[in-house]
Amino acid sequence: MAGKRKRGEVESTVPQTSDPANANGKPISAIAAARLKAAAVTAQATTIDGTQEAPQTLTGATDSDYAESEPDEIPVVNQNFKLSTWQNDGENVLSGNDEGLTIVLDKHSTAAFVGCCDVKILKGAVNVNGANLVAIPRQGEQARTYRVFVPSTHPISKVRGLDRLNHVQFLHCEKPTPFTRLSPLFADIWVAPSNSGKERSFHLISQSDTDTLARPLTPENAPEEWLRSIEDIASKSAISLVTGPPCSGKSTFAKRLLNRYLTGMGKTAKPLPSVCYLDLDPEKPEYTPHGQVSLIVVQEVNLGPSFTHPNSPPGVPGRNVTIAAHPIPFQSLANYEDYFTSCVSDLFQTYQNLPPEYRARPLIINTPTTLYTAHFALLRTLLTTVKPNHIIHLGDTAAIDPDVALKLDTLQTLAKRATATLHELAPQFPLLPPSRTDAELRTMHMQSYFHIGHVKPPNPHSKSPQGNMEIMWDTQPLSHLTPWEFCYEETTTRSRDLIGILAFFEPLPSSQLATALNGSVIHVVETSDPVTQAQYRTLPRTPDTNIPYFPSNASTGMTDPLDPQTSKLVCTAMIRGFDHKNRILQVLVPKTHDSLLQTLSPEKTVFVAGCCDTPEWAYVEDAYHQLHDQMSYLQCGGKFVGEDVLLEGVGLPPWVEKKSVVDGMGYLNTVRRVRKFLG
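Quick note: the sequence shown uses this note's numbering, first residue 603, plus one each step.
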């Protein structure tokens, strides 16, 4: 079927989108400006522990008067946090040069750094993010280094000494996610640039206020009760489910438990070659783009945020493997609760049907916040379906309200019925507001995914072999990618390449479907359902453009999803544009995922839309790339100085406008709110 997937030349068809260049900037009212001004004044009186007086409202109105018109916008006041105990003195440094640094780390002492590096244990053992890394390899293993990613967007990881004396080597590596030229979200998140021009990819740091970029750095903390529970759970292969309220540390706990399984515990527990990971969080998945639930066989220690491993390229040995996945709208499960339950049941059944070598592996289930807050009935159904051995509840049980008490009682009852152990652990809420919002982190994850270039095999002659193959990134804008061409209506020269479009978003007139799809992120799905395949030539079509689409259900008003038992998600793609004259739909995928599209069968292929954010970042990549080149040419250091600064001579695409121009237009592309009068 490769002939039907002809890669055409890049044409001028582009997403017709009018999103502004600054997707994050929002106009503020006079009230919000007054609040910010008052907060800035009172911030000068902030004490060392970070407490401050609440700023007075200059207008004299109470906050409730504007509860629906103005959010509380309080500037972040940086606090000084102790990030590590290691001291940079002569006796604690064995060697150091531009390529790396070797230090001495005592037992229970910690070292921390910002940036990215290869960590190699020369003597003793250390713990990083729950992974126990040893110097002397176990029988049958080879000494290796571990790539550790510590950006400023996340809590700073600690390297903790486990033996009486530990020698740890930090080695310079290539800059990860080199997308500063494409998006300001990736600017200044790694090591601070050096004036000398030569710099390591990491910088050891002991206190947050010593950061040269004055970023709000916070330490990563794992309380003792977490560590005890992890050791208890990891003592044998088991099914573990993590749940809790928002920002309680669910993904952090799951990551530490996974790393503990993969690295073992000295002579007392051998490491496992792989762990099964059932990711049910479509909003913040760990190993896939958002908008899906998945079952992953994890073989690599997780030592970085999700945007450093957005998805594993298919067919690469030694890397994580996606066993199965299903598309899910991440915004809300309100209209798709039954479908979500069906997806979970299918993924769990897939886990049970794995070959014996995988089925014996532990299973970690990461649940979304919405299951605990808005869809607790789904969580009850999930617990009944998977019957976990361990239920980890992260929540403040010392000050619980009736709703939380009822949920805890339900969890205790279900745990007793399933003879499971319920671990009631304290949450680990962020010490400071994060420097990137959840929406921005999703953007960074998705942008990293689409810019996966190729996989670099390890160099056996290198001084710091990585041990596993390494992802290399494509730093050019997506406009440089040659799109795949899918014919959505049979012509005299081409046959049809897909069944049709299935949209999860709110119903809209079919005449507007092409506009809604243009420039959107979709999931490519294969189905073996005969009923769905029978619609290959019978689906309704949009007027004028003749795009085949699945109609909405007359009783629910929503489009019925595909049956998870007869469908599978192949990959995530982006609709680059339409060539309506030739009935062509242009699709972009990462270069490493091209092989997945070559094997598609037209009568089995469905494009699922409406599960992901609008990729506003993709529309402005060329503008930022050109801006960066212009600034470098003018010897401005190539540093982003604000989205409102677009230098003269930088040509903008027709769908991108300067922030200063957009600000002068008033409120655009925002929810319009009115003042709330209480009377």
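Cβ coordinates follow ideal geometry from the N, Cα and C atoms, glycine included.
What residue from the options has the CA that sits closest to residue i's CA?
i       : options                            : result
ALA936  : ARG921, ILE807, ALA976, PRO1166    : ALA976
GLN1200 : PRO916, LEU806, ALA824             : PRO916
GLU833  : PHE855, ARG766, PHE781, GLU822     : PHE855
ILE1177 : THR1140, LEU1141, ARG982, ALA1220  : ALA1220
LEU1104 : VAL1057, SER1157, LEU1083, ASP1165 : ASP1165
ILE967  : VAL1258, ASP1011, ALA840           : ALA840
SER1050 : GLN1078, PRO1163, PRO825           : GLN1078
GLY763  : PHE781, THR972, PRO780, ASN731     : ASN731
VAL563  : ASP1099, SER1169, ASN1148, THR1158 : Lying outside 603 to 1281, the shown extent of the chain, residue 563 is not represented and no answer is given.
GLN901  : LYS684, GLU827, THR1095, ALA733    : ALA733
LEU973  : LYS1009, LYS989, GLN1114, CYS718   : LYS1009
HIS1182 : ASP708, LEU1202, ASN1120, PHE1209  : ASN1120
SER1113 : PRO1142, PHE781, LEU1198, LEU1027  : PRO1142
Cβ atoms of residue j and residue i: under 8 Å apart, would you say?
i       : j       : result
PHE1052 : CYS1213 : no
MET1048 : PRO1145 : no
ASP1224 : SER1081 : yes
VAL903  : LEU864  : yes
HIS928  : GLN954  : no
HIS1227 : LEU784  : yes
ALA713  : VAL752  : no
VAL918  : VAL899  : no
CYS849  : LEU965  : no
THR747  : ASP720  : yes
HIS1025 : SER853  : no
LEU949  : ARG982  : no
HIS774  : GLY702  : yes
ALA727  : ASN768  : yes
LYS857  : GLY866  : no
PRO1256 : LEU1190 : no
ASP883  : TYR889  : no
For residue i, which residues does DSSP report across the bridge?
i       : result
ALA1175 : ILE1124
GLY729  : Correcting the residue type first, residue 729 is Asn in the shown sequence and not Gly. DSSP lists ASN734, ARG762 as partners of ASN729.
GLU1087 : GLN1188
PHE1209 : ILE1103, VAL1126
PRO821  : ILE758
GLY702  : ASN699, LEU773
ASN768  : LEU707
LEU1024 : ILE993
SER1169 : THR1129
ASP720  : ARG749, LEU773
HIS561  : Outside the modelled stretch of the chain, which goes from 603 to 1281, sits residue 561, for which no answer is possible.
ARG1143 : PRO1150
ILE1073 : VAL1057
GLN809  : LYS684
ASP1181 : ILE1186
VAL1264 : Beta-bridge pairing links VAL1264 to no other residue.
VAL923  : VAL899
ALA713  : VAL761
PHE804  : GLY717
Can you grab the Cα-Cα spacing for the pair residue i / residue j, in whole Å?
i       : j       : result
LEU874  : GLY906  : 20 Å
ASN682  : GLN809  : 7 Å
CYS1089 : LEU1110 : 23 Å
HIS992  : PRO778  : 35 Å
PRO912  : ALA1007 : 37 Å
LEU859  : GLU776  : 28 Å
ILE930  : PHE942  : 7 Å
LEU787  : HIS756  : 13 Å
THR845  : THR1012 : 13 Å
ALA604  : GLU1205 : Bear in mind that the predicted position of ALA604 carries a pLDDT of just 40, short of 50, making it too unreliable to give a figure here.
PHE715  : LEU806  : 4 Å
SER686  : THR952  : 43 Å
PRO1029 : ARG1038 : 20 Å
TYR1151 : ARG1139 : 11 Å
VAL1127 : THR1207 : 6 Å
PHE804  : PHE772  : 8 Å
ALA1136 : SER876  : 40 Å
HIS1108 : MET1160 : In the sequence under discussion, the amino acid at residue 1108 is Glu, which differs from the His named in the question. Going by the C-alpha atoms only, they are around 7 Å apart.
ASP586  : ASN729  : Outside the displayed range of the chain (603 to 1281) lies residue 586, so it cannot be described from this structure.
ALA1116 : THR1147 : 8 Å
GLY582  : SER914  : A question about residue 582 goes unanswered here, because the residues of the chain that appear run from 603 up to 1281.
GLU989  : GLN933  : A small correction: the amino acid at residue 989 is Lys; Glu does not occupy that position in the sequence shown. Near 27 Å, if we compare the C-alpha coordinates of GLN933 and LYS989.
GLU1042 : PHE909  : 11 Å
GLU959  : ILE705  : 39 Å
What alpha helix (DSSP H) runs, 4 residues minimum, are completely inside the segment 836 to 913? Every unbroken stretch of the alpha helix (DSSP H) spanning 4 or more residues and falling wholly within the segment 836 to 913 is given here in chain order: 852 to 865.
Scan the segment 954 to 1011 and note each continuous alpha helix (DSSP H) run of 4 residues or more that stays entirely inside, going in chain order. Counting only runs of at least 4 residues, the segment 954 to 1011 fully encloses the following alpha helix (DSSP H) elements, listed from N- to C-terminal order: 958 to 961, 971 to 975, 978 to 988.
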